[in-house]
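What follows is a single structure, written as C-alpha coordinates, with notes after it.
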Amino acid sequence: MRPEKVCSCSLESASVTRVLHLVTLARPHLIKSKGEIVNVSSILALNFGNVQTPYYAIAKAGLDQLTRSLAIDLIEHGVRVNGVSPGIVKTNFMEKSGLTKEQADKVYDFFGTQKFSCPRGKYAEPMEIANVIAFVADRRASSFIIGQTIVADGGSSLVMGAYSYDYEKVLTS
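My numbering puts the first residue of the sequence shown at 10, with every later residue one more than the last.
Dropping the structure here:
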(Lines of atoms letter the chains of each structure in order from A and count residues from 1; the text may use other names and numbers.)
(Lines give C-alpha, C1' and ligand atoms only; values in the text may rest on other atoms or scores of the structure.)
Protein backbone atom coordinates (compact mmCIF):
# COMPACT_ATOMS: atom_id res chain seq x y z
CA MET A 1 0.00 0.00 0.00
CA ARG A 2 1.27 3.45 -0.81
CA PRO A 3 1.94 5.72 2.20
CA GLU A 4 -0.66 8.29 1.20
CA LYS A 5 -3.38 5.63 1.40
CA VAL A 6 -2.61 4.86 5.03
CA CYS A 7 -1.56 8.23 6.38
CA SER A 8 -2.54 11.47 4.75
CA CYS A 9 -0.71 13.63 7.29
CA SER A 10 2.21 15.84 6.37
CA LEU A 11 5.22 16.65 8.48
CA GLU A 12 3.96 20.21 8.91
CA SER A 13 0.59 19.11 10.26
CA ALA A 14 2.03 16.36 12.42
CA SER A 15 3.06 16.16 16.02
CA VAL A 16 6.26 18.16 16.32
CA THR A 17 5.26 21.69 15.32
CA ARG A 18 2.01 21.60 17.28
CA VAL A 19 3.65 20.24 20.43
CA LEU A 20 6.44 22.81 20.25
CA HIS A 21 3.91 25.64 19.81
CA LEU A 22 1.80 24.41 22.74
CA VAL A 23 4.82 24.01 25.02
CA THR A 24 6.01 27.50 24.10
CA LEU A 25 2.62 28.93 25.08
CA ALA A 26 2.37 26.86 28.28
CA ARG A 27 6.00 27.23 29.37
CA PRO A 28 5.45 29.97 31.99
CA HIS A 29 2.60 28.02 33.61
CA LEU A 30 4.53 24.74 33.43
CA ILE A 31 7.50 26.33 35.19
CA LYS A 32 5.33 28.00 37.83
CA SER A 33 3.40 24.78 38.54
CA LYS A 34 6.39 22.40 38.16
CA GLY A 35 4.27 20.60 35.58
CA GLU A 36 4.61 17.39 33.66
CA ILE A 37 4.59 16.86 29.90
CA VAL A 38 3.90 13.42 28.47
CA ASN A 39 4.07 13.31 24.68
CA VAL A 40 2.38 10.44 22.87
CA SER A 41 4.65 9.04 20.19
CA SER A 42 4.58 5.63 18.51
CA ILE A 43 6.74 2.55 18.13
CA LEU A 44 6.84 3.52 14.45
CA ALA A 45 9.45 6.10 15.51
CA LEU A 46 11.87 3.35 16.53
CA ASN A 47 14.91 2.31 14.49
CA PHE A 48 13.44 0.30 11.64
CA GLY A 49 12.15 1.16 8.20
CA ASN A 50 8.46 1.63 7.56
CA VAL A 51 7.03 1.92 4.07
CA GLN A 52 3.37 1.95 5.15
CA THR A 53 3.35 5.25 7.07
CA PRO A 54 6.66 7.05 6.54
CA TYR A 55 5.42 10.59 7.24
CA TYR A 56 3.80 9.52 10.49
CA ALA A 57 6.96 7.62 11.52
CA ILE A 58 9.16 10.62 10.72
CA ALA A 59 6.90 12.98 12.69
CA LYS A 60 6.88 10.66 15.70
CA ALA A 61 10.68 10.27 15.57
CA GLY A 62 10.89 14.06 15.60
CA LEU A 63 8.56 14.13 18.60
CA ASP A 64 10.84 11.70 20.45
CA GLN A 65 13.81 14.00 19.83
CA LEU A 66 11.76 17.03 20.89
CA THR A 67 10.83 15.17 24.10
CA ARG A 68 14.52 14.67 24.92
CA SER A 69 15.44 18.26 24.05
CA LEU A 70 12.58 19.75 26.07
CA ALA A 71 13.46 17.49 29.00
CA ILE A 72 16.99 18.90 29.10
CA ASP A 73 15.69 22.46 28.78
CA LEU A 74 12.88 22.27 31.34
CA ILE A 75 14.17 19.98 34.10
CA GLU A 76 16.21 22.82 35.61
CA HIS A 77 12.84 24.53 36.21
CA GLY A 78 11.33 21.41 37.78
CA VAL A 79 9.31 20.43 34.71
CA ARG A 80 9.60 16.79 33.65
CA VAL A 81 9.13 15.86 30.00
CA ASN A 82 8.67 12.25 28.89
CA GLY A 83 6.85 10.30 26.23
CA VAL A 84 4.89 7.12 25.72
CA SER A 85 5.19 5.08 22.51
CA PRO A 86 2.24 2.74 22.02
CA GLY A 87 2.08 -0.10 19.56
CA ILE A 88 -1.20 -1.04 17.92
CA VAL A 89 -4.11 0.56 19.79
CA LYS A 90 -7.67 0.20 18.56
CA THR A 91 -8.79 3.77 17.93
CA ASN A 92 -10.33 5.59 14.97
CA PHE A 93 -6.85 6.48 13.63
CA MET A 94 -7.08 4.20 10.58
CA GLU A 95 -10.55 5.43 9.72
CA LYS A 96 -9.31 9.03 9.88
CA SER A 97 -6.51 7.93 7.56
CA GLY A 98 -9.00 6.85 4.91
CA LEU A 99 -9.93 3.24 5.68
CA THR A 100 -13.52 2.20 6.18
CA LYS A 101 -14.49 0.93 9.63
CA GLU A 102 -14.66 -2.59 8.21
CA GLN A 103 -11.15 -2.28 6.73
CA ALA A 104 -9.77 -0.77 9.94
CA ASP A 105 -11.29 -3.56 12.04
CA LYS A 106 -9.73 -6.12 9.71
CA VAL A 107 -6.28 -4.54 10.07
CA TYR A 108 -6.58 -4.24 13.87
CA ASP A 109 -7.84 -7.80 14.21
CA PHE A 110 -5.11 -9.18 11.96
CA PHE A 111 -2.09 -7.33 13.36
CA GLY A 112 -3.36 -7.33 16.92
CA THR A 113 -3.59 -11.12 17.05
CA GLN A 114 -0.50 -12.22 15.11
CA LYS A 115 2.53 -13.24 17.17
CA PHE A 116 4.83 -11.79 14.48
CA SER A 117 3.36 -8.34 15.11
CA CYS A 118 2.09 -8.40 18.70
CA PRO A 119 3.40 -11.19 20.95
CA ARG A 120 0.74 -10.34 23.53
CA GLY A 121 -1.80 -11.57 20.99
CA LYS A 122 -4.17 -8.61 21.35
CA TYR A 123 -4.09 -4.94 20.40
CA ALA A 124 -4.21 -2.38 23.21
CA GLU A 125 -7.34 -0.59 24.28
CA PRO A 126 -6.97 3.19 24.74
CA MET A 127 -7.32 2.91 28.54
CA GLU A 128 -4.28 0.63 28.71
CA ILE A 129 -2.14 3.37 27.17
CA ALA A 130 -3.85 6.02 29.31
CA ASN A 131 -2.74 4.07 32.39
CA VAL A 132 0.89 4.16 31.21
CA ILE A 133 0.59 7.91 30.58
CA ALA A 134 -0.86 8.38 34.08
CA PHE A 135 2.09 6.47 35.57
CA VAL A 136 4.64 8.56 33.66
CA ALA A 137 2.86 11.79 34.67
CA ASP A 138 2.72 10.78 38.35
CA ARG A 139 5.73 12.46 39.92
CA ARG A 140 5.63 10.22 43.00
CA ALA A 141 5.61 7.03 40.92
CA SER A 142 8.13 8.06 38.25
CA SER A 143 10.14 11.00 39.59
CA PHE A 144 13.46 9.72 38.27
CA ILE A 145 12.18 9.22 34.71
CA ILE A 146 13.21 12.28 32.73
CA GLY A 147 13.46 12.64 28.95
CA GLN A 148 12.49 9.04 28.28
CA THR A 149 9.97 7.54 25.91
CA ILE A 150 8.34 4.50 27.47
CA VAL A 151 7.34 1.77 25.01
CA ALA A 152 3.94 0.17 25.69
CA ASP A 153 3.35 -2.14 22.75
CA GLY A 154 2.49 -5.67 23.85
CA GLY A 155 5.93 -6.80 22.72
CA SER A 156 5.62 -5.54 19.14
CA SER A 157 8.97 -3.76 19.16
CA LEU A 158 10.61 -7.09 20.03
CA VAL A 159 9.52 -8.65 16.75
CA MET A 160 8.62 -5.78 14.39
CA GLY A 161 7.61 -8.13 11.57
CA ALA A 162 4.27 -6.45 10.99
CA TYR A 163 5.76 -3.21 9.83
CA SER A 164 7.22 -4.74 6.71
CA TYR A 165 3.91 -6.45 5.93
CA ASP A 166 1.77 -5.05 3.11
CA TYR A 167 -1.55 -3.78 4.49
CA GLU A 168 -3.23 -4.34 1.13
CA LYS A 169 -2.70 -8.09 1.53
CA VAL A 170 -4.67 -7.94 4.77
CA LEU A 171 -7.45 -5.87 3.23
CA THR A 172 -7.82 -8.07 0.16
CA SER A 173 -7.60 -11.44 1.88
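All C-beta atoms, glycine included, are put in the ideal place defined by N, C-alpha and C.
Spatial distance of residue i from residue j (CA atoms)
i: Ile127; j: Lys69; result: Note on residue identity: the sequence assigns Cys, not Ile, to residue 127. Taking the straight line from one Cα to the other gives about 20 Å.
i: Asp82; j: Thr62; result: 30 Å
i: Arg148; j: Asp118; result: 35 Å
i: Gly130; j: Ser151; result: 28 Å
i: Val160; j: Ser51; result: 8 Å
i: Gln157; j: Val168; result: 21 Å
i: Lys14; j: Asp162; result: Because the pLDDT at Lys14 is just 43, under 50, the model does not fix this residue reliably, and the value given afterwards should be weighed accordingly. C-alpha separation (whole angstroms): 24 Å.
i: Gln74; j: Ile46; result: 14 Å
i: Leu29; j: Pro37; result: 14 Å
i: Ser17; j: Met103; result: Since pLDDT at Ser17 reaches only 48, below the 50 mark, its modelled position is unreliable, and no value is offered.
i: Leu53; j: Ala139; result: 18 Å
i: Thr100; j: Gly71; result: 22 Å
Candidates the options, of which the one nearest residue i by Cα
i: Tyr132; options: Val98, Gly87, His38; result: Val98
i: Ile40; options: Glu177, Leu167, Val90, Leu72; result: Val90
i: Thr184; options: Asp162, Gly44, Val145, Lys115; result: The first residue shown for the chain is 10 and the last is 182, placing residue 184 beyond what the model contains.
i: Ile154; options: Ile84, Gly121, Lys124; result: Ile84
Identity of the residues DSSP links to residue i by a beta bridge
i: Pro95; result: Ala161
Unbroken beta strand (DSSP E) run spanning residue i, endpoints
i: Ile46; result: 45-49
Span of the alpha helix (DSSP H) around residue i
i: Pro63; result: 63-83
i: Val7; result: Because the chain here runs from 10 to 182, residue 7 falls outside it and cannot be looked at.
i: Phe57; result: Neither: Phe57 is in no alpha helix (DSSP H) and is coded neither H nor E.
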